[in-house]
Amino acid sequence: MSDSINYRPITAERYISHDYMLKEREKIWARTWLVAGLVQDVEEPGDFFVFDLEPESIIVSRSETGELNAFFNVCQHRGARVLLTERGNMAAYTCPYHGWVYNNDGDLAFVPDEDRFSRGLPKDRLGLKAIRVDTWGGMVWICMDSEAPSLQDYLGPVMDLVSPFRPEDMRLVEDQTCRLECNWKAVFDNFGELYHVEHIHPQHELIFDCPTSTAEYFPYGHTRVLIDGFTVNSRLPIPEEVPATQWAQLEALGMDKDDYKGRVLDVRQDIQIKKREMGPALGYNYDLLSDEQLSDIVQYNIFPNAVLVLQPEEFWILRSRPRAGDPNKCYWDKLALRMLPDIEIKKNAKIKFPPLQNRANVSFNLDQTGDGAARPEHDEFDQEAIIAGEKTMTITLDQDIHLIRDVQRGMHSRGFGEAWLCDDESRIQHYHNTIDTFMCD
Ligand code: FES
Ligand SMILES: [Fe+2]
37 MSDSINYRPI TAERYISHDY MLKEREKIWA RTWLVAGLVQ DVEEPGDFFV FDLEPESIIV
97 SRSETGELNA FFNVCQHRGA RVLLTERGNM AAYTCPYHGW VYNNDGDLAF VPDEDRFSRG
157 LPKDRLGLKA IRVDTWGGMV WICMDSEAPS LQDYLGPVMD LVSPFRPEDM RLVEDQTCRL
217 ECNWKAVFDN FGELYHVEHI HPQHELIFDC PTSTAEYFPY GHTRVLIDGF TVNSRLPIPE
277 EVPATQWAQL EALGMDKDDY KGRVLDVRQD IQIKKREMGP ALGYNYDLLS DEQLSDIVQY
337 NIFPNAVLVL QPEEFWILRS RPRAGDPNKC YWDKLALRML PDIEIKKNAK IKFPPLQNRA
397 NVSFNLDQTG DGAARPEHDE FDQEAIIAGE KTMTITLDQD IHLIRDVQRG MHSRGFGEAW
457 LCDDESRIQH YHNTIDTFMC D
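The numbering of the sequence shown is the working numbering, which starts it at 37 and goes up by one.
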């Protein structure tokens with residue numbers, strides 16, 4: 037374990053205790069910056085979306101004057117939820133209970149039978165209750181704590197490290213939520229280590245080298261891990277031929293897999309060279325990215341509940357949220373965004389490249405299907421739909437989902453004392469040490 041990580045016990049309580057869950061509402065959710073949604077969903081005046089973080093519900097809206105606001109989704113009359121829809125465009129919101137009307141800047145605009153409030157009706161004090169909102173990386177962030185540091189201070193070095201990927205220029209292509217039967221931290225832990233990858237994600241051995249990954253730790257419990265891509269697991273024999281998992285990507289870049297017989301480890305560097313060379317013809321601007329960033333994958337775990345997975349052409353936001361007032365349940369969101377090829381860059385490219393073909397096997401990178409014009413529908417389903425093979429969040433996430441409910445079951449056993457982490461799980465320790473700091477503060 038890294039010298040900078042202090043070991044502290046991680047017991048089952050934080051995953052199964054109802055009291056612990058209630059305390060998290062005050063100590064964690066109410067005090068941290070959280071990914072509420074996407075800027076692209078609130079680009080126009082009147083656009084809004086609702087971010088549910090049980091028991092809270094938060095409205096993020098773009099006012100008529102173009103200002104971005106966030107409010108608790110609760111009527112100041114008798115506490116009803118004002119908006120029951122996920123997303124849309126409205127100039128004003130009418131509470132479904134007695135018809136109080138709020139403008140999309142939060143002001144209370146109209147109260148039916150106002151003259152029946154003989155006690156008075158201080159409309160300027162009865163607007164929707166505002167909370168802090170900010171944007172970064174194409175994401176809308178909210179914070180319920182007026183005393184918390186700024187988003188910039190909270191994310192610290194993460195902002196500059198992520199910026200070359202230009203996530204704000206990517207468009208949403210998939211919007212899914214799976215209802216998991218586990219604590220929201222149990223699924224987050226799963227993304228805090230690569231120790232399990234060799235056991236449950238065999239396909240990764242033939243495109244990533246997890247054993248040589250590099251972990252880094254940031255203030256406020258954030259971490260990142262850098263993983264070499266377009267290579268193979270360095271603990272296994274090097275295959276003679278390029279694994280099939282990489283073929284489509286090579287083809288997309290005009291590379292012949294047969295050229296790499298007996299020298300599979302050269303693919304990674306050549307991918308970097310080819311992307312640099314072919315980027316403009318494919319409509320991608322790779323200028324801000326390093327060579328390693330062109331071939332590899334980087335994942336940021338943002339405290340307390342967001343995982344950002346970045347590649348030059350694709351960005352995943354994975355997010356866990358508590359569910360149903362039950363520590364054994366959570367929502368697991370996946371927002372997949374894609375850098376859409378830029379027609380202008382393509383037009384000006386000196387190299388002309390034939391259209392991509394045979395992309396059926398492409399799971400990430402250079403997959404130019406979908407034009408990002410129409411927002412995908414939000415699809416929400418139970419984990420059983422994944423287990424039955426009726427839904428997928430990609431093979432890798434599906435494999436994780438198969439496992440995670442049994443971890444939660446195990447946490448209820450009298451036979452479980454505390455987690456015993458290995459060196460490769462030190463990001464989990466860093467994360468839980470921050471949990472402890474917030475919970476005890
Ligand atoms: S609770 Fe909203 S109008 Fe009465
Ligand atoms: Fe996994």
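Yeah, the Cβ is synthetic: ideal placement off N, Cα and C, and Gly gets one too.
Asked: Spatially closest choice to PRO340 from ILE440, ASP225, LEU324 and LEU318, by CA coordinates; Found: ASP225
Asked: First through last residue of the alpha helix (DSSP H) which encompasses CYS476; Found: 462-476
Asked: GLN112, DSSP secondary structure in three states; Found: coil
Asked: Where the beta strand (DSSP E) through TRP220 begins and ends; Found: First-last for TRP220: 220-226, but that is the alpha helix (DSSP H), not the beta strand (DSSP E).
Asked: Runs of alpha helix (DSSP H) wholly within the segment 254-332 (minimum 4 residues, chain order); Found: 283-288, 303-318 and 327-331
Asked: GLN188, enclosing alpha helix (DSSP H) - first and last residue; Found: 187-191
Asked: Heavy atom of ligand 2 within 7 Å of ASP434 beta-carbon; Found: no
Asked: Near ligand 2: ILE95 beta-carbon under 7 Å from a heavy atom; Found: no
Asked: Residue environment, ASP403, which counts as buried when at least 16 other CB atoms sit within 10 Å; Found: With a pLDDT of 49 at ASP403, under the threshold of 50, the modelled position of that residue is not reliable, and the figure given next carries that caveat. ASP403 comes out buried.
Asked: GLY265 vs SER331 beta-carbon contact at 8 Å; Found: yes
Asked: In chain order, each beta strand (DSSP E) run of at least 3 residues that lies wholly inside the segment 109-157; Found: 123-125, 128-130, 137-139 and 144-146
Asked: Beta-carbon gap between CYS246 and ASN269 smaller than 8 Å; Found: yes
Asked: Identity of the residue in ASP170, TRP368 and LEU162 nearest LYS221 by Cα; Found: TRP368
Asked: Backbone secondary structure at ILE94 - three-state DSSP; Found: strand
Asked: Where SER199 falls, given that 16 or more other Cβ within 10 Å makes a residue buried; Found: exposed
Asked: Pocket of ligand 1 (residues with CB nearer than 7 Å to any heavy atom), chain order; Found: CYS111, HIS113, ARG114, GLY115, ALA116, VAL118, CYS131, TYR133, HIS134, GLY135 and TRP136
Asked: Classification of SER326 by the beta-carbon crowding that lies within 10 angstroms, buried from 16 upward; Found: exposed
Asked: Bridge partners - THR47, DSSP secondary structure assignment; Found: GLU454
Asked: At least 3 beta-carbon pairs within less than 8 Å: the segment 179-190 vs the segment 316-323; Found: no
Asked: HIS237, DSSP secondary structure in three states; Found: coil
Asked: With 16 other Cβ atoms within 10 Å as the buried cut-off, status of GLY453; Found: exposed
Asked: C-beta contact flag for GLY73 and VAL96 at 8 Å; Found: yes
Asked: N- and C-terminal bounds of the alpha helix (DSSP H) containing GLY446; Found: 431-447
Asked: Between the CA atoms of ARG450 and PRO148 - distance to the nearest angstrom; Found: 57 Å
Asked: Three-state secondary structure (DSSP) of LEU230; Found: coil
Asked: LYS297, buried or exposed, once every other Cβ within 10 Å from all chains shown has been counted against 16; Found: exposed
Asked: Spatial distance of GLU217 from ASN364 (CA atoms); Found: 6 Å
Asked: Distance cut-off 7 Å: ASN337 Cβ against heavy atoms of ligand 3; Found: Ligand 3 is absent from the structure shown, which contains only ligand 1 and ligand 2.
Asked: The alpha helix (DSSP H) enclosing ALA421, as first and last residue numbers; Found: 419-423
Asked: Enclosing alpha helix (DSSP H) for ASP160 [first to last residue]; Found: That residue, ASP160, is in no alpha helix (DSSP H); it is neither H nor E in DSSP.
Asked: Three-state class that DSSP yields for ASN42 in the structure shown; Found: coil
Asked: Top-ranked residue by Cα proximity to LEU376, from PRO273, PRO203 and ALA342; Found: PRO203
Asked: Cβ neighbour criterion (16 or more within 10 Å) applied to CYS476; Found: exposed
Asked: Local conformation of GLU210 per DSSP, three classes; Found: strand
Asked: Straight-line gap, ASP160 to ASN139 (C-alpha atoms, nearest Å); Found: 12 Å
Asked: Environment of GLN188 [buried if 16+ CB atoms lie within 10 Å]; Found: exposed
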